[in-house]
Each structure stands twice: as C-alpha cells, then as structure tokens.
Amino acid sequence: MSETNQAAAEAYRSALAIIEGVEPRIAGAITAELHDQRESLKLIASENYASLPVLLTMGNWLSDKYAEGVVGRRFYAGCQNVDTVESVAAEHARALFGAEHAYVQPHSGIDANLVAYWAILSELIETPGVAEAGVKTVNDLTEEQWETLRAKMGNQRLLGMSLDAGGHLTHGFRPNISGKMFHQRAYGTDPETGLLDYAALQAQAQEFKPLIIVAGYSAYPRRVNFAKMREIADSVGAVLMVDMAHFAGLVAGKVFTGEEDPIPYADIVTTTTHKSLRGPRGGMVLSTKKYADAVDRGCPMVLGGPLSHMMAAKAVALAEARQDSFRTYAQNIADNAQALAEGFLKRGATLVTGGTDNHLVLLDVSSFGLTGRQAESALLDSGVVTNRNSIPRDPNGAWYTSGIRLGTPALTSRGFGADEFDKVAELMCDVLANTTPEIASTGKPGKAKYKLADGVAERTKAAAAELLTAHPLYPGLELA
Ligand code: DSN
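Here you go:
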C-alpha cells in the first residue's frame, strides 16, 4: 500500500464517520459507490477514476467562497486564495496543451460549450454592433438598436457533427439549447465507411456558410484531422471550435499530435476534465488570445460563481497530466482500445467504422439480434457497465439504439493491458451471444426486455472479479 493511499484511507474513514453522524444514508451511498466501482468492469467511455490527490482536493472550504469574475477582476472582496488556485490551474492548462489562453471555471462540458458559443457571438457580433452605433457598451444602445443586434445574434449558423454520427447534444442538436440558439445543420459520416467525409463537409459548409464549425465527438471511434477542419472553416470564413472533451487525455499525453492536435488549428477548444484527462468533474475553455477576454467573461454572463474547490482539483489533475507517466497512460488508452476492438473483430462482432484509433469502440449489437438497451442491461446484470448509444442512421432511435459505446480510459487507469481487454471482449461476446430479446405482444422481438441464459451472469462476474482483483482500484483504501 502506498503511503498516499494509507493516509487517504485514514482521511476517508474519519470523514465518513463525521458524515455518518449527520446523514448516514449519504455516508452509506459514498461507501457503496466505491464498492460498486471496484467490483464492476467500467467501460463507459466518458468515465474514469480520478487520483486520490485529485479527489482529496475537492472537499474543502474553498467551496465557501464567492469569486465571480476572473483573476484580477472579481466582483467580491477577499479572493486572493481563489486567485492563486485559478492562476495555477490556468498556468498548468496553458503549458500542458500549448494554448494561448485557458479558462478553468466551467462546471461541465456543456457549460464550457455555452461559454465558447457566447464568446464567439459576443466577439464577432456584439462588438461591431456597439462600435457601429458609436456607443461604449450594449447597455448604451437604444431599444431598437439592441433588438436589431439581438436578432442578428440569434440568427447565426452552426454546423456540427450529428448526434447519431457521434457528435454531442451541444453541437447543434435541435432539442438542445445549442439547436435553438443557432440556425443549425449537422454533418454526418460516409454511409459506407462510417468515417468523416471531409469533401462532403467542405461542400456542406460552402452551401450553408456557418459562423461556427464544431469539430469533436462523443461517440466517433476515429481521429480527426484538424488541419483539414481549419481549411474548411477558412474557406467559408467560419470560426473553428473543437470540443475535445472525450479525447483531451490523448492530446495531453501527446498521442494526438500534429494535425490530430486541435490546439494549433482551432480558435476555441472546449473540454471536460474528468474523462480521458482523469481529473475532477468539470470543464475548461482554451482559446487564442483573440477570444481571451470574451471567454473570461463566462462568469457571470453564462456561468454561476466558480467552484473554487473544483478549480483546485483541476490544478492538481493538470499537474499530474504534465508528468511523463501520463504520456504512457495516454498511449496505453489508445493501445488498449485497439486490443478491445481486435478482441471483438476476431470473435465476429461488428464495429462502427470497422475499428478504432482513439479511446472508444462503438459496437453494433444488431448482429447479436439485440437493441442497445437490451445489450446494456444484460451486460450490467453480468457486472459490465457500458452505455447504449446510437449508431449512424440508427433504426432503433436514440432511446433503444443499436449500439454499445465502450471506452478504455477507466480500466487503463486500473492497469489493464491488451490481454485483459481481449478477455473483456471475450466476456462481452459471451454475454451478448447468450442474450435473446423477449417476444413482444406484436409477436416480434421487443426492444427493451430480454432473457439472459442461466449461469452467464455468474460466470462473467467471476471472470471479471479475477481481472479486477489483479488490478485493484485505490489499493489499500479499505473502508467498512
Ligand atoms: N455524457 C458525456 C458522455 O458520456 O459522452 C457527454 O456529455
């Protein structure tokens, strides 16, 4: 047991005893969550296990301080310690990613995207509107001038990856606020290969002339060429925004370099900090100097007061990501995804795009005769935690789906390598091959109910336990 884990175990035992004295159900849920995470194969592509130093940094009195504004421009007195925290986190973020500017306040990836959209709209539309009217700020515009400007801001165009091709809700999906803020269109992937088609995207951009092109994804198992994305954006005068929430760890760990690194090519890059980056739950915006001031106005114009305890934890995680060992970790994430994909392919399973070259695999479970919902549930019964996901042009829609999205960041944090991921593919294929949909009242296979053959869940859990015991989570951190 490392000294850190021993000290953390003592700290957590004391903290949980204190919490138990106030609300035992909460102390119980926290403890149960550790057991659940330890005892299941976590393959959710957007989840990870933060280090104990990161987890420990979150719980402290920085939480009690209001600090709206940014370093050097606060709306509250007494923010000197928050200033230290925010400056250190931003310094690490700039150095790690080679970004001109870093804004570490967003509470989530969605918040980071909203800050980015708001900054782009403000920078490109609000400033000229105010300048043309010969006034200092929007507050000095007449009602009529303000309505004209608002109409202009509300009519801008956004081109983002469609949800079923692997884009995110916030990339212009109609039911999301981003789909309502903007006149939106979505780009998809090639129907044959499932890959991004840059020529088709170029033609679509040429026809649509968006203000913003959003690159990045939540469920696309391939790398993106950001130099090509930049060329497309430049050809139509668009701002290039990249949402790297899923693959920030691969950028930080220098697995994605050159044209696969979004920072040198994008105007604004957003991310979460808790996925492959392995930090605390939260978001960040990285930008060129041009957008720095607009981005820094994210709070209080878009966000509530910064969560200073979370910014502190982001700083610790970013410091960890600057260590050489993080590069090894990031490379292992990508290598393990290859092993997982190969494990499925050699057992006859179907993968969207035929494989992966990032951290995730999108398994098409229709070849097992299942919906994503049935597969997700049968796997969960067997101790394998995944999430169902649409595949391109999904006949089962976004609720039942035909896919299961799998990611390697979490189990790679536990030390799983290629052999273990091959075994994971074997176990999953066994579960799926032994699951059958229940016949609905229509006489056809239903989309939700299923039957898992007797004994499969038990044998999968037993095999998973062997893998998990050999790669313990927070070893030595023993609670009740
Ligand atoms: N919920 C995240 C994911 O799972 O990809 C994105 O918002």
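For the sequence shown, this note's numbering assigns the number 17 to the initial residue and increments by one for each residue that follows.
Yeah, the Cβ is synthetic: ideal placement off N, Cα and C, and Gly gets one too.
- Exposure of E160 is indicated by the presence of fewer than 16 other C-beta atoms within 10 angstroms of its C-beta.
- For G232, there is no enclosing alpha helix (DSSP H); the enclosing beta strand (DSSP E) has its first and last residue at 228 to 232.
- Out of Y92, N21, N97, the CA that lies nearest to the CA of L72 is found in N21.
- Secondary structure of A414 (DSSP, three-state): helix.
- In the DSSP assignment, N64 falls outside any alpha helix (DSSP H), carrying neither H nor E.
- Judged by their CB atoms, V70 and A231 are not nearer to each other than the 7 angstroms cut-off.
- Less than 7 angstroms divides the Cβ of M327 from the Cβ of E102.
- Listed in chain order, the beta strand (DSSP E) runs fully inside the region 172 to 249 are 173 to 177, 199 to 203, 228 to 232, counting runs of at least 3 residues.
- In the DSSP assignment, K467 forms a beta bridge with T452.
- Here DSSP, grouped into helix, strand and coil, assigns P461 to strand.
- Here H51 is exposed. Its C-beta has fewer than 16 other C-beta atoms within 10 Å.
- A direct Cα-Cα distance of roughly 32 angstroms separates M245 from G359.
- Boundaries cannot be given for H290, as no alpha helix (DSSP H) includes it and DSSP labels it neither H nor E.
- Distance from the CA atom of I455 to the CA atom of E208, rounded to whole angstroms, is 31 angstroms.
- When the beta-carbon positions are compared, F437 and N352 come within less than 7 angstroms of each other.
- Of the candidates T402, Y233, R343, Y233 places its Cα closest to the Cα of G176.
- Close CB contacts of A149 within its chain, under the 6 angstroms cut and outside five residues either way in sequence, are with L157, Q161 (chain order).
- Inter-residue distance for M197 and V104 is about 33 angstroms (C-alpha atoms, whole angstroms).
- Here E474 is exposed: its Cβ has fewer than 16 other Cβ atoms, across all protein chains shown, within 10 Å.
- Secondary structure within the region 263 to 330: the alpha helix (DSSP H) runs of 4 or more consecutive residues, fully enclosed, are 264 to 268, 305 to 312, 314 to 317 (chain order).
- Counting of Cβ neighbours within 10 angstroms places Y119 among the buried residues, the total reaching 16 or more.
- Where H117 is concerned, the enclosing beta strand (DSSP E) starts and stops at 117 to 119.
- A distance below 7 angstroms separates the beta carbons of A235 and G182.
- Under DSSP, V258 takes part in a beta bridge, and its partners are A231, V285.
- Using a cutoff of 6 angstroms, the CB of S194 does not count as near the ligand DSN, since none of the ligand's heavy atoms is closer than that.
- DSSP places G419 in the strand class (E or B) of the three-state scheme.
- Closest in alpha carbon position to L422, among L367, R190, D397, is L367.
- DSSP places V87 in no beta strand (DSSP E); its state is neither H nor E.
- Per DSSP, reduced to three states, the secondary structure at V400 is strand.
- About 5 angstroms separates the beta carbons of L57 and V400, which is inside the 8 angstroms limit, making them a contact pair.
- Taking the Cα positions, H290 is about 9 angstroms away from G265.
- Of all alpha-carbon atoms in L379, P322, I35, the one lying nearest the alpha-carbon of S79 is that of P322.
- For S62, the Cβ falls inside the 6 angstroms cut-off from some heavy atom of the ligand DSN.
- Contact between A268 and A337 holds: CB atoms are separated by about 5 angstroms, below the 8 angstroms threshold.
- By the Cβ neighbour-count rule, Y281 is buried, with 16 or more other Cβ atoms within 10 Å of its own.
- Rounded to the nearest whole angstrom, the CA to CA distance from P453 to Q218 is 42 angstroms.
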